[in-house]
Amino acid sequence: MDTLPLKTGIIYGPVNSRRLGRSLGINLLPTDYKLCSFDCIYCHYGRTQLKTLHPEAGDFPGLEEVLRAVRDALAAHPDIDYLTFSGNGEATLHPEFPEIAARVRQIRDELRPGVKLTILSNSSTVHWPGVRAALAGFEAPIMKLDAGDPKTLAGMNRPAQGLTLEGIVAGLREVPGLIVQSVLVDGRVSNIRGAALEAWIAALAEVRPARVQIYSTDRPVPDVGVERVSPDTLRRIAGQVEAQTGLRVEAYWV
Ligand code: SF4
């Protein structure tokens, strides 16, 4: 099964998307392997090579190197809407993530105050106080929540040892301006049916984000048992979540 190539540097893009307009990506992860605390069955980068919550400092770009790259990128791209922390895994695992986020925010304020800061995080570190404080500095903290029960979390996201759904849900409740992003898939593991769907809706009701974004996989996935969810089903589930929770839900598809 094909997968997408990893990002080859700190800055990538700009990328155009319906959700984030014109966005420049910041990759704080290594460039020659995927480092993540999850190993999602739908991940378009393929299997996680290093799955951990506590990586060694070794292969990450340094603070000053990241700041230099961000300054240069903002100078080279005057027309972007968002600076997005994402890349080859989970950005918050960078040992200096809180400081990097704060310093990038300063650079943004100084050079391009109209650009919004966002992050695509898998929520695995949201219960850590330093990460949560850093997330408060983002205009759009977009955090993953695909499951509302431990079995679906284990089957869908295959998390590193030590992660619990309770910790994730409790952490997400404290993130100001939270946007939850959920990938819905069917097949060998499904979050669109029965008890798994109801548990996910109940978790959303508990977290109470400012809004919820749902979509299905639209790219190559490494796992043959993963089935894409149709736009009709995404629309139906968005309506169901809105009716049951009163939350604002946006469904996206290609
Ligand atoms: S959290 Fe993101 S990068 Fe990590 S395995 Fe899941 S989809 Fe891939």
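Numbering-wise (this note's numbering), the sequence shown opens with residue 71 and increments by one.
For every residue, glycine included, the Cβ atom is placed at its ideal position computed from N, Cα and C.
In this text the structure is predicted, and so the values were computed from the model without any measurement.
For V299, the closest C-alpha among the options M213, V255, T118 is that of V255. Proximity of the stretch 107-120 to the stretch 165-172 falls short of the contact definition, fewer than three beta-carbon pairs being nearer than 8 Å. Collapsing the DSSP output to three states places I262 in coil. For V296, the beta-bridge partners assigned by DSSP are G257.
In the three-state scheme derived from DSSP, where H, G and I count as helix and E and B as strand, P168 is classed as helix.
One thing to note: E297 has its Cβ no nearer than 9 Å to the Cβ of G247.
Counting along the chain, the unbroken alpha helix (DSSP H) around I307 starts and ends at 301-315. In the structure shown, L187 adopts extended strand secondary structure according to DSSP, grouped into three states. In the DSSP assignment, T287 falls outside any alpha helix (DSSP H), carrying neither H nor E. Counting along the chain, the unbroken beta strand (DSSP E) around G95 starts and ends at 91-97. Here DSSP, grouped into helix, strand and coil, assigns L76 to coil. I249 sits in a strand when the DSSP states are folded into three classes.
Taking the C-beta atoms as reference points, R258 is found no nearer than 9 Å to D109.
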